[in-house]
Amino acid sequence: MTNEFIKIKGSIRQRGFNLKKAAALSLICLMFFLSACKGGVSEFEETREITVISREDGSGTRGAFTELFGVYTNMEGHGKVDATTEEAIITNNTAVMLYCVSTNPYAIGYISLGSMSDVVKSANVDGVAASLENVKNGTYKASRPFYIVTTQSLSAPAKDFISFILSDGGQEVVESAGYVPALAGREYTPSVDSGKVVVGGSSSVTPVMEKLKEAYGAYNPGIDVEVQQSDSTTGVSSTLQGICDIGMSSRALTENEKHSGALAETIALDGIVIIVNSINPNDDFTSEQIKGIFLGETAYWDSLEK
Amino acid sequence: MKNPINQSTFKRRMREYQKRPASFVMFILVMLCACVTVLSFVFLVGYLLYKGIPNISWDLFALNYNSENVSLLPSLINTVTITFLALSVSGPTGIFAAIYLVEYAKKGNKLVKLMDLTSETLSGIPSIVYGLFGMLFFVVALDWGFSVLAGACTLAIMVLPLIMRTTQEALRSVPAEFREGAFGLGADKVRVIFKIVLPPAVPGILSGVILAVGRIVGETASLIYTAGTVAEIPESLFSSGRTLAVHMYALFNEGLYIEKAYATGVVLLVIVCAMNLLSNYVAKKLTR
Amino acid sequence: MKSKSIKEKVMHIVFLAAAMVCIMAVVLICVFLLANGVPAMGKIGVFNFLLGKTWRPGQDIYGILPMILGSIYVTAGAIIIGVPIGIMTAVFMARYCPKKIYAPLKGAIDLLAGIPSVVYGFFGLVIIVPFVRDTFGGSGNSILTACVLLGFMILPTIIGVCESSLRAVPEEYYQNALALGATHERSIFKVVLPTAKSGVLTGVVLGIGRAIGETMAVIMIAGNQARMPKGLLKGVRTLTANIVMEMGYAADLHREALIATGVVLFVFILLINLCLAAIKKGVEQ
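Chains as they are written, first to last, in the working numbering: chain Z, 1 to 306; chain X, 1001 to 1288; chain U, 2001 to 2285.
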């Protein structure tokens, strides 16, 4: 049955047309397509709907963001309840957030200052630019602490690791990683020289923690540190359950968690950057505007109260 | 023209199409769909290569993972370990189960029907459900924690039906005369199975095993909840370790090393490609 | 002689035990999922859980109807896009493809099946999402996008199964149709394809299974809003996305509700398999 096809192919080939050329041609077409896709950015239309992008519920970044900008309502019996608009696109992934904003001219989202990238534009909040200095001197409002979470029963190696994190050596690592150190003036002296520490939790804190772990290896090579990446809530709960020695959290502890015996210590400060597409002319928001957008009250770009 | 029914010239076909435009439409549709499939493949692979190849460097194959150099070697080693462990559990089990079904169970046996039903069910379960089960059973109930072993066992159950099915099919395609002849010569059943029936079925079984490897290598959803996400070479079977696909997912998640994630994707693609070629090669070599 | 019969018996038991492992696995999965998921359904109320329109774990409201509908819509869309293309490509591979192209094409389709879903997800995010946004409007992270991507993802499954069932149709059927004066296409679509019906259906059902169970790709492109689906160009959350998004930090009832979501997914797959069995029986009769 393929014979006919061979015939057809034969008749095509007589016209000086072969498979290799066809393949080359289709490749060229493809390149054209790809470049056409990329060059498709047009002008910004103010009348379009705002695409709100948020992180998933348990994320520390989301917790800190809603807290900072007041994106919540008070509900009887539940206290503060996250009221991010139901229309918001939800992602559990910083890369997806960056990609969505970088390709969608009408999108707005938020990420950690440490993950900021050139593909998107960072917006000012109340006229202050999101930068390390502004977080440090306190003028940039949207900043949050990174916590390590422990319980009363802390193992000796974990204690040693924590004393390193809070020492000058550890805080230097924090600063060079692009975050603001939380405290200064402590010395580190190794107290134990062997053991294992399991650290787990927030994916925002994980990159700093890995740097800390590497630096710590130079000071105290006998202790083995294992870093598990998940999210803030998991970090706290697995610390309480004893699966991890130290939990990482990018939001404050809840009352429940404090009751269960969790203790938090600040290790660094991080900014939350509001990001928009690079062709978006709106790049200076008041916190009220941001609140309105994420509550779903402001649905279109031209209905932003100026 | 030896066979005028089967071999028609291009012109003649075109004339036929004039009489039957519906056939011509179908012809165009078939060609169009084939083109769409091919184009989507070229697009996908081309995109991955375009993004990934410039980011591949020797540093990616360093022995240690750290935040300066997100090496994929530890994940590669984990992938190999988990694949090996999973196959060493599910390989023999799947093959033996298939042998039982084909060689021992009587036709119309209730057990055979039950097995067919269960293997169909198993092969249909989404990987995320396997992940939940693995977390509830291996990680929590057996208290193995997030570990390479828990991940491997979960995957072993996942690929079991695949191996069983392909082995069953391969065994069934061995002609009955082989067995009858061997029995006629006085061989006992176990001997017949291992010496006569299994050897010609090896290519089929092997292609099943390699398909299973492909599935294990590409798996993400179920491993996150069972093997965890630590990017280091595990010290023991009870420590956590991520495979390449999970490594890639984690890199995307942090958003800091997206270029490296594409490079990892290319390595993954090369592995899958190599597995496919290997299975074709082995099948050819053995059937000859 | 006696030692031989002992060996026989031992091996018989070994084979039987291996066969039992399979059944055991299904039983274990059922038991563990049900034991962890069903109590939550009881606490929430089966109807509230399955037919509730709001999912707000923060306030202990767990209704998964939006996710169930989301999964069904997305799967249906994927089938509408993937099945015709898949069957047509299978026809091409089995009946049109010149030998020279066949091997690379087959290899390419095998490779498509092996590409991890994370890669598909990113591909969708970078290519399909902007395309849908620019062409149809909306944010791009929508049911339509998910349908298109899933349609492509199920192609290898459908093509593989359909092609082998098309090849299993005896060559005489095709030749006889030709001899009666039918065109190439007519004999394929009126004679060969109907004969291979059962295999084609199996392929479609496997495709449905793959589409409904897909997680990592869908989560990147579907928008994941936990509310009732509002339209083709609006976002949607599927059952699988619901589990992956929230499993990480869920505790207590929330966690059990997510496992119960897994149970619902499991029941879906069981139903699909039962349908397949019924269809096959119907076709054979």
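For each residue, glycine too, the CB sits at the ideal point set by N, CA and C.
Proximal residues of chain Z, C-beta to C-beta of residue i below 8 Å
i                  : result
Ser2117 of chain U : Those within 8 Å of Ser2117 of chain U in chain Z number zero; the least Cβ separation is about 14 Å.
Arg2210 of chain U : Here the premise fails: no neighbours, minimum Cβ distance about 22 Å.
Asn1253 of chain X : Asn92, Asn93, Thr94, Ala95, Ser203, Gln229
Ala1250 of chain X : Gln229
Residues of its chain near residue i, where Cβ-Cβ distance is below 6 Å and the 5 sequence neighbours each way are ignored
i                  : result
Ala2342 of chain U : Because residue 2342 of chain U is not part of the residues shown, which for chain U are 2001 to 2285, the question remains open.
Lys121 of chain Z  : Val276, Ser278, Asp283
Ile2061 of chain U : Thr2054
Arg186 of chain Z  : Leu166, Ser167
Leu2239 of chain U : Met2067, Ser2071, Thr2261, Leu2265
Val149 of chain Z  : Val236, Thr239, Gly247, Ser249, Ala262, Ala264
Sheet register partners of residue i (DSSP bridge)
i                  : result
Gly200 of chain Z  : Z:Gln228, Z:Gly247
Pro221 of chain Z  : DSSP, once it has assigned bridges, lists no residue as partnering Pro221 of chain Z.
Thr91 of chain Z   : Z:Arg55
Lys121 of chain Z  : Z:Val276
Asn1276 of chain X : Asn1276 of chain X pairs with nothing; no bridge assigned.
Tyr300 of chain Z  : Z:Glu49
Thr266 of chain Z  : Z:Tyr147
Trp2055 of chain U : U:Tyr2062
Phe285 of chain Z  : Z:Val125
Thr73 of chain Z   : Z:Val81
Val2236 of chain U : U:Gly2223
Pro181 of chain Z  : Z:Ala268
Ser2142 of chain U : According to DSSP, Ser2142 of chain U bridges with nothing at all.
Ile108 of chain Z  : Z:Val52, Z:Val276
Gly169 of chain Z  : According to DSSP, which records beta bridges pairwise, Gly169 of chain Z is partnered with nothing at all.
Expected contact under 8 Å - CB spacing of residue i and residue j to nearest Å
i                  : j                  : result
Ile1082 of chain X : Ala1227 of chain X : 7 Å
Val197 of chain Z  : Ala158 of chain Z  : 5 Å
Ser2142 of chain U : Gly2235 of chain U : 6 Å
Phe1146 of chain X : Val1140 of chain X : No, Phe1146 of chain X and Val1140 of chain X are not in contact; Cβ-Cβ is about 10 Å, not under 8 Å.
Glu267 of chain Z  : Phe285 of chain Z  : Note that residue 267 of chain Z is Ile in the sequence shown here, rather than Glu. No, Ile267 of chain Z and Phe285 of chain Z are not in contact; Cβ-Cβ is about 29 Å, not under 8 Å.
Ser202 of chain Z  : Ser250 of chain Z  : 4 Å
Ile1125 of chain X : Ile2079 of chain U : Actually they are not in contact, since the Cβ atoms of Ile1125 of chain X and Ile2079 of chain U sit about 19 Å apart, beyond 8 Å.
Residue from the options whose Cα sits closest to the Cα of residue i
i                  : options                                    : result
Ile2221 of chain U : Z:Thr61, Z:Asn93, Z:Thr73                  : Z:Asn93
Val2286 of chain U : Z:Gly63, Z:Ala95, Z:Val119                 : Nothing in the structure corresponds to residue 2286 of chain U, since chain U is present only between 2001 and 2285.
Leu1160 of chain X : X:Ile1233, X:Ile1216, X:Lys1195            : X:Ile1216
Ser153 of chain Z  : Z:Ile275, Z:Gly296, Z:Gln289, Z:Ser260     : Z:Ser260
Asn104 of chain Z  : Z:Phe44, Z:Gly217, Z:Ser232                : Z:Phe44
Gly2077 of chain U : U:Gly2137, U:Val2244, U:Leu2233            : U:Leu2233
Asn2316 of chain U : U:Met2067, U:Val2204, U:Phe2123, U:Phe2189 : Limits of chain U in this structure are 2001 at one end and 2285 at the other, which puts residue 2316 of chain U out of reach.
Phe2032 of chain U : X:Ser1240, X:Tyr1130, X:Ile1271            : X:Tyr1130
Glu1120 of chain X : X:Ile1099, X:Ile1157, X:Val1213            : X:Ile1157
Cys1033 of chain X : U:Lys2043, U:Val2091, U:Gly2058            : U:Val2091
Val1038 of chain X : U:Leu2125, U:Gly2124, U:Phe2152            : U:Phe2152
Val2204 of chain U : U:Gly2181, U:Val2263, U:Ile2081            : U:Ile2081
Tyr99 of chain Z   : U:Cys2097, U:Leu2155, U:Gly2121            : U:Gly2121
Pro1200 of chain X : X:Ala1176, X:Gly1151, X:Ala1105            : X:Ala1176
Ala2196 of chain U : U:Ile2109, U:Lys2280, U:Asp2110, U:Val2026 : U:Lys2280
Thr151 of chain Z  : Z:Gln289, Z:Gln241, Z:Val227, Z:Thr139     : Z:Gln241
Listed by chain order, chain X residues near residue i by CB distance under 8 Å
i                  : result
Val227 of chain Z  : Val1230
Thr2240 of chain U : Pro1126, Ile1128, Ala1221
Sequence-distant residues of its chain with Cβ nearer than 7 Å to residue i (five each side left out)
i                  : result
Val2132 of chain U : Gly2140, Ser2142, Leu2144, Thr2145
Ser238 of chain Z  : Gly200, Cys244, Gly247
Val2244 of chain U : Thr2215, Ile2219
Ile1053 of chain X : Val1266
Val1192 of chain X : Arg1179, Ala1182, Phe1183
Lys80 of chain Z   : Tyr72, Asn74
Under 7 Å by beta carbon: chain Z residues contacting residue i
i                  : result
Leu2125 of chain U : Val96, Tyr99
Contact list for residue i against chain Z, beta-carbon separation under 9 Å
i                  : result
Ser2071 of chain U : Going along chain Z, no residue has its Cβ under 9 Å from Ser2071 of chain U, so there is no contact; the nearest lies around 16 Å.
Chain U contact residues for residue i, given Cβ-Cβ distances below 8 Å
i                  : result
Val1270 of chain X : Neighbours of Val1270 of chain X on chain U: none; closest Cβ ~10 Å, over 8 Å.
Ala88 of chain Z   : Gln2225
Val198 of chain Z  : Under the 8 Å cutoff, chain U gives no residues; its nearest Cβ is about 17 Å from Val198 of chain Z.
Own chain, CB closer than 8 Å to residue i, minus 5 neighbours either side, in chain order
i                  : result
Gly70 of chain Z   : Ser287, Lys291
Arg2255 of chain U : Met2247
Tyr1017 of chain X : Ser1023, Phe1024, Phe1027
Gly2223 of chain U : Ser2139, Asn2141, Ser2142, Lys2234, Gly2235, Val2236, Arg2237
Under 9 Å from the C-beta of residue i: neighbouring residues of chain U
i                  : result
Gly1186 of chain X : Going along chain U, no residue has its Cβ under 9 Å from Gly1186 of chain X, so there is no contact; the nearest lies around 11 Å.
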